[in-house]
Amino acid sequence: MTTDKKKLILETASQLFLSYGIQHLTMDDIANDCGISKKTIYKHFQNKSDLILQIIEIKITTFSENLSELNSVSENAVNELYCFFNIINDLVRSFSPTVLKDLRKFHLTFYLKYEQLKTDIILPFLIANIKKGIQENLYKSDLNIEETTHSILNILNVWFKEDFIADKASFKSLEFLQNILLHRLITLKGLKKLSKVTQN
1 MTTDKKKLIL
11 ETASQLFLSY
21 GIQHLTMDDI
31 ANDCGISKKT
41 IYKHFQNKSD
51 LILQIIEIKI
61 TTFSENLSEL
71 NSVSENAVNE
81 LYCFFNIIND
91 LVRSFSPTVL
101 KDLRKFHLTF
111 YLKYEQLKTD
121 IILPFLIANI
131 KKGIQENLYK
141 SDLNIEETTH
151 SILNILNVWF
161 KEDFIADKAS
171 FKSLEFLQNI
181 LLHRLITLKG
191 LKKLSKVTQN
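Using full-length UniProt numbering, the letters of the sequence shown correspond one by one to residues 1 to 200.
Right under this line is the structure:
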């Protein structure tokens, strides 16, 4: 069970890491922001790497739970995929360019956990979504599922590049690309569902 103190440390450190990056942020910085001693932090975490790892695992678990919830509450595949892109968009906007650069350069093991997220969680979700959309006659029946999922993953790869996050204007370009992809997937029936979703 996560104690209130540990929860405070995790939430504060997560916000600091996402805002300012990892490499130059110290345990002293985190302790000061939490209003506690550094000794208290070490009661709950072995070191900075342990703290980073637990933050990443929480984020991955939360993301996975959000996708599971999407699957159960979405009216149809179009609604589900549209909401999926919104979840990704919100996640990326919460990062600073520095944090991804730090993970890739100094904490490769942790960065690979995010890479693993795509193959273990996102890819199965996308495959199930496309199959569902075809069954509902909302996606085109001649879709190549493998090619389509890789196209979406390629878009996500762009989304998670630090240069992209640094340029806020890029989000508009990616939104345009996302809409092109959605229109490539959907049938006329699916287009009506998409119009309904985007108007809400």
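Just so it is clear, CB atoms sit at the ideal spot from N, CA and C, and this is done for glycine as well.
Residue nearest to L182 within the set K140, I41, I9, C34 is K140 (criterion: CA-CA distance). DSSP assignment within the stretch 22-50 yields the following whole alpha helix (DSSP H) runs of 4 residues or more, N-terminal first: 27-34, 38-44. Taking 9 angstroms as the cut-off, the Cβ atoms of K118 and L153 count as close. Separation of S37 and A31 (C-alpha to C-alpha, rounded to the nearest whole angstrom) is 6 angstroms. Under DSSP, Y82 takes part in no beta bridge, so it has no partner. Counting along the chain, I9 sits inside the alpha helix (DSSP H) bounded by residues 4-20.
In terms of Cβ geometry, A13 and I55 form a close pair [threshold 9 angstroms]. Following the DSSP letters along the chain, one finds I134 inside the alpha helix (DSSP H) bounded by residues 123-135. Between the beta-carbon of T149 and that of L185 there is about 11 angstroms, and that puts the pair past the 8 angstroms contact cut. Taking C-beta atoms under 8 angstroms as the contact rule, I9 and H44 qualify, at a distance of about 6 angstroms. Here F176 is exposed, its C-beta having fewer than 16 other C-beta atoms within 10 Å. Pairing E80 with D33, the inter-Cα distance amounts to about 38 angstroms.
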